Amino acid sequence: MTAKTYELRTFGCQMNVHDSERMAGLLEDAGYVRAPEGADGADVVVFNTCAVRENADNRLYGNLGQLAPRKAARPGMQIAVGGCLAQKDRDTIVKKAPWVDVVFGTHNVGKLPVLLERARVRREAQVEIAESLEAFPSTLPTRRESAYAAWVSVSVGCNNTCTFCIVPQLRGKEKDRKAGDVLAEIEALVAEGVIEITLLGQNVNAYGSDIGDREAFGKLLRACGRIEGLERVRFTSPHPRDFTDDVIAAMAETPNVMPQLHMPLQSGSSRVLKDMRRSYRQERFLKIIENVRAAMPRAAISTDIIVGFPGETEEDFQETLHVVREARFAQAFTFQYSKRPGTPAAEMDGQIPKAVVQERYERLVALQEEISWAENRAQVGRTLEVLVAEGEGRKDEATRRLSGRAADNRLVHFARPEEPVRPGDMVSVKVTYAAPHHLLAEGPALAVRRTRAGDAWEARTAAPAPSGVMLGLPTVGAPAARPAAQGDGCRVC
Ligand code: SF4
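Residue numbers (the UniProt record's numbering): 1 to 493.
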């Protein structure tokens, strides 16, 4: 009997990308195989949804509507909807789209194959939403998208109550994994060839709050530093409130923790931060930046900023511009505030007219572009070791360049080396040109280091390198700790 095929459509943040890896692992464990890229006829289509954006539901129902005729023409096809929007909308989804077979939430991802089977046998839609986590999702089978880099969850949920954010309602209170379990997972990944991991949590540096250990995250970083063969450690996203000096010291003193920090600012105005219920103020944020730079002068710092939060005045916005000038972010993910139903901010007075938000947004983007470009120009002439990425280089196939990430997570395009290199290998290059969002190294590679990760990539693709490079497993966003920017809203911590 031919195995049933599945297709996964992922929306939203890194949490969802990693959850989708688990959904893929569960489905493959149950005997499904991934439908070929671009194929139009998977037996099961799973939507892993995001509720952060204002129009998320319109997008979902639009997608579901497009699938309705396909399903009608193909008895036996199934559609499942999971993720944050499913957790929020529950059986509304099958009321609005009765051709959906399964709705499952953020706390019971592990039920997906069982619910699909039950819907098939009973010939009726199955809606099952758990109110709290049934098992830590990292115990579920996972189909990793990359052979060389992996996400590793340290916690799920969030104890904060930012007024623009719906995550705490949908992902629940923070639950931390045991450090031993996190480290065991990393060691197992390294044994399989992974050389870069990104520790993942909605509020990653609050790790340890379960047991009241404020230094648990710093200890975890230091423990990662003792794992032999693990070359790069990143984490996302920290909250300024929990960013202790101990974490900065752990970053600076642990050689495999990369000189990179993505720390959401959201607003530079202390008054707006108070309305956002973000428990730090402008001075505290800038002090953290100062301390990080003192400990790691070459660190690249990126951020998220929301423009036009309810009640934001021109003076408040000027405070944001001030922080951007002071902090000199390598990159900022800038978002126009949009109402998210179910959040306190959606009901606040002082919603800002769209035209005002747009105009402020453009000024912010122009300033940040200038800074990003200047910060990148400071890299010209430097020698960087770049982890060769899969996928990213394909864009530049015409010029025969490859791409990868430097230690500080900057995107580097570089001339294809003479000798064969594979995704996961390391190439040392000299930067010759800087653009606002990438660096270019046009000269010959200074060194190529073939890695276990490259071997693992080659084994996974089961295709030997002919010459030059092999590019290309399709990816859901190669986990190189690059922030997944969205069009509007917030990436959410
Ligand atoms: S924005 Fe981040 S810290 Fe705030 S509630 Fe949402 S997930 Fe938690």
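Positions of the beta carbon are idealized from the N, C-alpha and C atoms, including for glycine.
None of these values were measured; they are calculated from a predicted model.
{"query": "Jot down the residue ranges of each uninterrupted beta strand (DSSP E) in the UniProt domain \"MTTase N-terminal\" (4-121), minimum 3 residues, whole runs only, in chain order.", "result": "5-10, 44-49, 78-83, 102-104"}
{"query": "With 16 other CB atoms within 10 Å as the buried threshold, where does E185 fall?", "result": "buried"}
{"query": "What does M426 pair with, by DSSP beta-bridge criteria?", "result": "L387, R449"}
{"query": "Is F309 helix, strand or coil when you go by DSSP?", "result": "coil"}
{"query": "If distances are taken between C-alpha atoms only, which option among H239, Y148, V103 comes closest to Y207?", "result": "H239"}
{"query": "How is I227 classed by DSSP in three states: helix, strand or coil?", "result": "coil"}
{"query": "Using a Cβ-Cβ cut-off of 6 angstroms (strictly less than) and excluding sequence neighbours within five positions of K173, which residues of its own chain qualify?", "result": "G157, N159"}
{"query": "Considering Cα atoms alone, identify which of E369, R360, V412 is closest to L384.", "result": "V412"}
{"query": "Judging by CA-CA distance, which residue of P310, Q318, V152, R363 is the nearest neighbour of M348?", "result": "P310"}
{"query": "My assumption, with CB atoms under 8 angstroms, is that V429 sits in contact with V421. Please give the rounded CB distance.", "result": "Their Cβ separation, rounded to whole angstroms, is 11 angstroms, which puts V429 and V421 out of contact at 8 angstroms."}
{"query": "Would you be able to state if there are at least three C-beta pairs under 8 angstroms between the stretch 12-21 and the stretch 89-96?", "result": "no"}
{"query": "With a Cβ-Cβ cutoff of 9 angstroms, do V233 and M258 count as a contact?", "result": "yes"}
{"query": "Tell me which residue opens and which closes the alpha helix (DSSP H) that E418 is part of.", "result": "No alpha helix (DSSP H) holds E418; DSSP gives it neither H nor E."}
{"query": "At a cut-off of 8 angstroms, would you count Q202 as near the ligand SF4, judging by its Cβ distance to the nearest heavy atom?", "result": "yes"}
{"query": "So the candidates are P423, F414, S372; which of them puts its Cα closest to the Cα of E390?", "result": "P423"}
{"query": "Can you pull the DSSP bridge partners for E128?", "result": "F104"}
{"query": "Since I197 is in the beta strand (DSSP E), which residue starts that stretch and which ends it?", "result": "196-200"}
{"query": "First and last residue of the beta strand (DSSP E) that includes F333?", "result": "331-336"}
{"query": "Drop a sphere of 10 angstroms on the beta-carbon of H437, count the other beta-carbons inside from all chains shown, and report buried for 16 or more, exposed for fewer.", "result": "exposed"}
{"query": "Within 10 angstroms of its Cβ, does R410 collect 16 or more other Cβ (buried), or is it exposed?", "result": "buried"}
{"query": "Within its chain, find whatever has a CB closer than 6 angstroms to the CB of T2; leave out the 5 residues flanking it on each side and keep chain order.", "result": "none"}
{"query": "For the stretch 134-219, which segments carrying the alpha helix (DSSP H) assignment without a break, of at least 4 residues, lie completely within its bounds, in sequence order?", "result": "167-171, 179-191"}
{"query": "Could you tell me whether any non-hydrogen atom of the ligand SF4 is closer than 8 angstroms to the CB of N160?", "result": "yes"}
{"query": "Out of curiosity, what's the CA-to-CA distance linking R278 and C162?", "result": "6 angstroms"}
{"query": "If I follow the unbroken beta strand (DSSP E) through Q282, where does it start and stop?", "result": "Q282 -> not in any beta strand (DSSP E); alpha helix (DSSP H) instead, spanning 282-295."}
{"query": "In chain order, what residues of the same chain lie with their CB nearer than 6 angstroms to the CB of G468, ignoring the 5 residues before and after it?", "result": "At G468, the pLDDT of 35 sits below 50, so the modelled position is not reliable and the matter cannot be decided from this model."}
{"query": "For V127 versus V102, is the C-beta spacing smaller than 9 angstroms?", "result": "yes"}
{"query": "Can V431 be considered in contact with the ligand SF4, in the sense that its beta carbon sits closer than 8 angstroms to one or more heavy atoms?", "result": "no"}
{"query": "Does at least one heavy atom of the ligand SF4 sit under 8 angstroms from the Cβ of R278?", "result": "yes"}
{"query": "Taking DSSP as the reference, what is the three-state secondary structure of R401?", "result": "strand"}
{"query": "Less than 8 angstroms separating the Cβ of S237 from some heavy atom of the ligand SF4?", "result": "yes"}
{"query": "Quick check on this structure: which residue in A191, F333, L64, C165 has the alpha carbon closest to the alpha carbon of N203?", "result": "C165"}
{"query": "With Q368 and V323 assumed to form a contact (beta carbons below 8 angstroms), what rounded beta-carbon distance in angstroms separates them?", "result": "That pair is no contact at about 11 angstroms."}
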